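2 protein chains.
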Amino acid sequence: MQPGSRRPRMADVAERANVSVATVSRALSGSRSVDPQLADRVARAAEELGYRVNLVGRALRQTRSSTVGLIVPDLDNPFFSALAQHLARAFTETDSDLLVYSADSSLATELRGVHSFLGRQVDALVMIPVHEQGSAAAVDLAAAVVPTVQLDRCVPSTHAHFVAVNNHRGMELVGEHVGTWVDREQQPVVLIGAEPSSSSAHERLDGFRRVFGEDTPVLLGSFSTEWGHTAAQRLLDEGWKQATIVTAADVIAVGVLAQILHRGHSVPGDFRVIGFDGVGAAALAQPTLTTIRQPVEAMTLAIRDLIEAGASEGHAGGVTSDHDDGPGVAHRFDPMFVPGETSPAEHLGSPTRA
Amino acid sequence: MQPGSRRPRMADVAERANVSVATVSRALSGSRSVDPQLADRVARAAEELGYRVNLVGRALRQTRSSTVGLIVPDLDNPFFSALAQHLARAFTETDSDLLVYSADSSLATELRGVHSFLGRQVDALVMIPVHEQGSAAAVDLAAAVVPTVQLDRCVPSTHAHFVAVNNHRGMELVGEHVGTWVDREQQPVVLIGAEPSSSSAHERLDGFRRVFGEDTPVLLGSFSTEWGHTAAQRLLDEGWKQATIVTAADVIAVGVLAQILHRGHSVPGDFRVIGFDGVGAAALAQPTLTTIRQPVEAMTLAIRDLIEAGASEGHAGGVTSDHDDGPGVAHRFDPMFVPGETSPAEHLGSPTRA
DNA sequence: ACAGGCTTGGTAATCGATTTCCACATGGTG
DNA sequence: CACCATGTGGAAATCGATTACCAAGCCTGT
Numbered sequence: 001m002q003p004g005s006r007r008p009r010m011a012d013v014a015e016r017a018n019v020s021v022a023t024v025s026r027a028l029s030g031s032r033s034v035d036p037q038l039a040d041r042v043a044r045a046a047e048e049l050g051y052r053v054n055l056v057g058r059a060l061r062q063t064r065s066s067t068v069g070l071i072v073p074d075l076d077n078p079f080f081s082a083l084a085q086h087l088a089r090a091f092t093e094t095d096s097d098l099l100v101y102s103a104d105s106s107l108a109t110e111l112r113g114v115h116s117f118l119g120r121q122v123d124a125l126v127m128i129p130v131h132e133q134g135s136a137a138a139v140d141l142a143a144a145v146v147p148t149v150q151l152d153r154c155v156p157s158t159h160a161h162f163v164a165v166n167n168h169r170g171m172e173l174v175g176e177h178v179g180t181w182v183d184r185e186q187q188p189v190v191l192i193g194a195e196p197s198s199s200s201a202h203e204r205l206d207g208f209r210r211v212f213g214e215d216t217p218v219l220l221g222s223f224s225t226e227w228g229h230t231a232a233q234r235l236l237d238e239g240w241k242q243a244t245i246v247t248a249a250d251v252i253a254v255g256v257l258a259q260i261l262h263r264g265h266s267v268p269g270d271f272r273v274i275g276f277d278g279v280g281a282a283a284l285a286q287p288t289l290t291t292i293r294q295p296v297e298a299m300t301l302a303i304r305d306l307i308e309a310g311a312s313e314g315h316a317g318g319v320t321s322d323h324d325d326g327p328g329v330a331h332r333f334d335p336m337f338v339p340g341e342t343s344p345a346e347h348l349g350s351p352t353r354a
Numbered sequence: 001m002q003p004g005s006r007r008p009r010m011a012d013v014a015e016r017a018n019v020s021v022a023t024v025s026r027a028l029s030g031s032r033s034v035d036p037q038l039a040d041r042v043a044r045a046a047e048e049l050g051y052r053v054n055l056v057g058r059a060l061r062q063t064r065s066s067t068v069g070l071i072v073p074d075l076d077n078p079f080f081s082a083l084a085q086h087l088a089r090a091f092t093e094t095d096s097d098l099l100v101y102s103a104d105s106s107l108a109t110e111l112r113g114v115h116s117f118l119g120r121q122v123d124a125l126v127m128i129p130v131h132e133q134g135s136a137a138a139v140d141l142a143a144a145v146v147p148t149v150q151l152d153r154c155v156p157s158t159h160a161h162f163v164a165v166n167n168h169r170g171m172e173l174v175g176e177h178v179g180t181w182v183d184r185e186q187q188p189v190v191l192i193g194a195e196p197s198s199s200s201a202h203e204r205l206d207g208f209r210r211v212f213g214e215d216t217p218v219l220l221g222s223f224s225t226e227w228g229h230t231a232a233q234r235l236l237d238e239g240w241k242q243a244t245i246v247t248a249a250d251v252i253a254v255g256v257l258a259q260i261l262h263r264g265h266s267v268p269g270d271f272r273v274i275g276f277d278g279v280g281a282a283a284l285a286q287p288t289l290t291t292i293r294q295p296v297e298a299m300t301l302a303i304r305d306l307i308e309a310g311a312s313e314g315h316a317g318g319v320t321s322d323h324d325d326g327p328g329v330a331h332r333f334d335p336m337f338v339p340g341e342t343s344p345a346e347h348l349g350s351p352t353r354a
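So the sequences go chain by chain: D and A. Counting in my numbering, the first sequence runs from 1 upward without gaps. Counting in my numbering, the second sequence runs from 1 upward without gaps.
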């Protein structure tokens, strides 16, 4: 406010309280005990000057910044923003805070984000890689410098930790559900998925094929509602009158669903639709979506703990690993089946309960 | 990788290139011309060592960090995450990068975010305040230290810039649209809005009342799809059979829409639904939503320019201001009407074309 | 009464860059 | 030939904190 006033430094507080800067630092951070009377003087002086510690100076000295970076492919995808939100919440209980960077679906921007975070001395990095192969350089670079956790998707070549849902298990759950009513000789099944340029799309496609057979038709696009629209349109234009539509994500499913209803077909009468993720805005669709829910809460807490633990010992390990080479340390979480109105209710009877 | 290897510093590069650190700094940043031959040696040495500049050290010296902070109330709201995404994109062309912090809808967390960003010496701050009154302390603090721009919502008491859509104009557009078909004596109009704890909710409510009259019924809740569900349910339970439903946001509208269709009513036959925002995942609803679109592209670019301009002159102004006291400098953008399937098409005839 | 341990305050080094200031060389000009 | 402007490299100050190290005071046990 005052013309000549710059931001107060620790030296200003020290002067006002008539102590040394070391005492101020110790009093404010509590890193060593100081005389209560002095501590009080310091606190008062800091208060009066409106002093706030300069985290850049601190970070430089401590070579850590109490910051965790998160790099997401984009924020428009409600699943990613839900992950970001959950992760942010998980870190509010910590003394470090989470900063989010959007790669804008670009490998170059993603790499820039890594450089930026590394340059700012983040204590750890969480990444949802943009591309299964293309992001390798970015992830490897990150993992070479700070504890790094891949979330939801991974690049196969890196040592970095990886936290994700068990996608194969998810597709098995779909299979079990569908198995309760479908006579697959009669009713066709189709996957509306995403191009396997991310490991999650890849694994869901693999899982689907493993459960429903290699010859079951699939349509591959992107993780977006628009793609759901387009794909459903294509199906209907080809003359399909009924089907069980498995999708690779809720965002796709809501597009599919809207298109099908829009064209006057009934759900779950003619078409059944099954989503994947069960998290974020898309999970609020009406009619309620039958879907496979990822345990995002548990996953984000796991990441936090992984980081809290790993950060103390130089990002070399400390957590039980599946492998110690190749695809890195994978932490898989089992998904949950969530019944909704877009597929028939389960038979409560006896059949294949194995 | 190597056991004893720490991260290379500028001094390491200097040693390897047989020059001083000053020369390295100048060669790499180009802040002053250096002998091309030396510059080449430096570049090679840096390359070989895998040197990357430590942005913390730089920030400390320069007292700026090439960083802009964005604080959003939460990331689950697709409108906010769309704003974040657009803003991030706007800044990729710049040499500073945008870091996003979620306040988790909490005033305390929001304040923590401000402290965190200020401590990290961000060059500017963009905030979507959590609460019209409650966020005053956070915004004021931010604005006192760095150029600060409020986005979408504002607190009334501050000097900080404010970029938002003209909400009154938005409601006028709704009025003009509705005026083309509704005989308001016959067909009831109702607003499903949000509690006026944010300026946007406030202004939309005011605008609605100004256009449709003080006695027109309103239901107020939150900016969420769940609230849309609930409110629509309440309306239907009260026995409404037809209405023109104006909403304060697309996220609300999709909830309303889903509920109405779910209960077997027709849209736009019995009920017409009009959204607000026209941006983010909610804008992709099917049937397509009639809505008022905010010019988010222009708004985010304006913020970028405001910051680029203001940052150079000590956050004291430089942009034309409406007032210089009180509610701060407001930059209003006119919204656009976007016809959709949830309301009748406009009369293309002659009537009130004024 | 004194050695040894514990607490606590201060001085100065340190983190890693940028930038000021100075020195030297070079080249053009009166 | 003297002189000054210009270009370029290096030494050292600087940004704002933390912390290693030292010194002084106090307590306790013998």
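For glycine and all other residues, C-beta sits at the position ideal for the given N, C-alpha and C. The structure presented is a predicted model; accordingly, all values stated were derived computationally and were not measured.
Could you give the residue range of the beta strand (DSSP E) that holds residue i?
i              : result
D97 (chain D)  : 97–102
R272 (chain D) : 271–274
G175 (chain A) : Where G175 (chain A) is concerned, there is no enclosing beta strand (DSSP E), although the alpha helix (DSSP H) it sits in stretches over 167–179.
F333 (chain A) : 330–333
R41 (chain D)  : No beta strand (DSSP E) contains R41 (chain D), which is instead part of the alpha helix (DSSP H) from 36–49.
A243 (chain A) : 243–247
Mind pulling the chain A residues with CB within less than 9 angstroms of residue i?
i              : result
S116 (chain D) : L55, S66, T67, D97, L99
H262 (chain D) : Q286, P287, E341
Among the candidates the options, whose CA atom is the shortest distance from the CA of residue i?
i              : options                        : result
V114 (chain D) : D:R153, D:P156, D:V68          : D:V68
A59 (chain D)  : A:T94, A:T92, A:G119           : A:G119
E172 (chain D) : D:L151, D:A27, D:V211, D:V122  : D:V211
E110 (chain D) : D:S96, D:D97, D:L125, D:E341   : D:L125
F276 (chain A) : A:F79, A:D12, A:S66, A:Q121    : A:F79
Q133 (chain D) : D:M127, D:L75, D:S157          : D:S157
A160 (chain D) : D:G175, D:A136, D:V174, D:T230 : D:A136
P73 (chain A)  : A:L83, A:G221, A:G228          : A:L83
T342 (chain D) : D:T23, D:S65, D:V267, D:D95    : D:V267
Can you tell me whether residue i is helix, strand or coil according to DSSP?
i              : result
I71 (chain D)  : strand
G228 (chain A) : helix
P327 (chain D) : Because P327 (chain D) carries a pLDDT of 48, less than 50, the predicted location of this residue cannot be relied on, and no value is offered for it.
L191 (chain D) : strand
D215 (chain A) : coil
H86 (chain D)  : helix
A124 (chain A) : strand
T146 (chain A) : Reading off the sequence, residue 146 (chain A) comes out as Val, not Thr. Three-state DSSP puts V146 (chain A) in coil, outside helix and strand.
F223 (chain A) : coil
T94 (chain A)  : coil
V254 (chain A) : helix
H202 (chain D) : helix
H262 (chain D) : helix
T320 (chain D) : Here the model assigns T320 (chain D) a pLDDT of 40, short of 50, so the residue's position is not dependable and the matter cannot be decided.
R32 (chain D)  : coil
Taking residue i as the query, report the chain D residues whose CB atoms sit under 8 angstroms from its CB, ordered along the chain.
i              : result
D74 (chain A)  : Q85
D250 (chain A) : Residues of chain D passing the Cβ test: none, with the nearest at roughly 11 angstroms.
So which residues on chain D does residue i lean against when the C-beta distance must stay under 7 angstroms?
i             : result
S81 (chain A) : L75, D76, S81
Could you work out which residues of chain A lie near residue i, taking near to mean beta carbons separated by less than 7 angstroms?
i             : result
A59 (chain D) : V56
In terms of residues, what are the limits of the alpha helix (DSSP H) holding residue i?
i              : result
V279 (chain A) : Where V279 (chain A) is concerned, there is no enclosing alpha helix (DSSP H), given that its DSSP letter is neither H nor E.
A285 (chain D) : Counting along the chain, A285 (chain D) falls outside any alpha helix (DSSP H), and DSSP gives it neither H nor E.
V24 (chain A)  : 21–29
V56 (chain A)  : 55–62
V114 (chain A) : 107–119
At 9 angstroms on the CB atoms, spell out the chain D contacts of residue i, in chain order.
i              : result
L235 (chain A) : Correct list: empty, because the minimum Cβ distance to chain D is about 15 angstroms.
For a contact meaning CB atoms closer than 8 angstroms, what does residue i contact in chain A?
i             : result
R52 (chain D) : H115, L118, G119
Original post:
Just checking, does the stretch 254–266 of chain D make contact with the stretch 43–56 of chain D on the three C-beta pairs under 8 angstroms criterion?
Top reply: Touching, no.
Original post:
Below 8 angstroms, can you find three or more Cβ-Cβ pairs linking the stretch 299–311 of chain A to the stretch 263–279 of chain A?
Top reply: no
Subject >> Stretch pair the stretch 331–340 of chain A + the stretch 92–105 of chain A: three plus CB contacts closer than 8 angstroms >> reply: no
**OP:** Check whether the stretch 33–47 of chain A touches the stretch 33–42 of chain D, taking contact to mean three or more Cβ pairs, one atom from each stretch, closer than 8 angstroms.
**Re:** With a cut-off of 8 angstroms, the stretch 33–42 of chain D and the stretch 33–47 of chain A do not count as touching, because too few Cβ pairs lie within range.
**OP:** Give a yes or no on contact between the stretch 142–156 of chain D and the stretch 196–204 of chain D, applying the rule of three or more CB pairs nearer than 8 angstroms.
**Re:** yes
**OP:** Check whether the stretch 279–291 of chain A touches the stretch 76–92 of chain A, taking contact to mean three or more Cβ pairs, one atom from each stretch, closer than 8 angstroms.
**Re:** yes
Subject >> the stretch 231–249 of chain A contacting the stretch 141–152 of chain A, beta-carbon criterion three pairs below 8 angstroms >> reply: no
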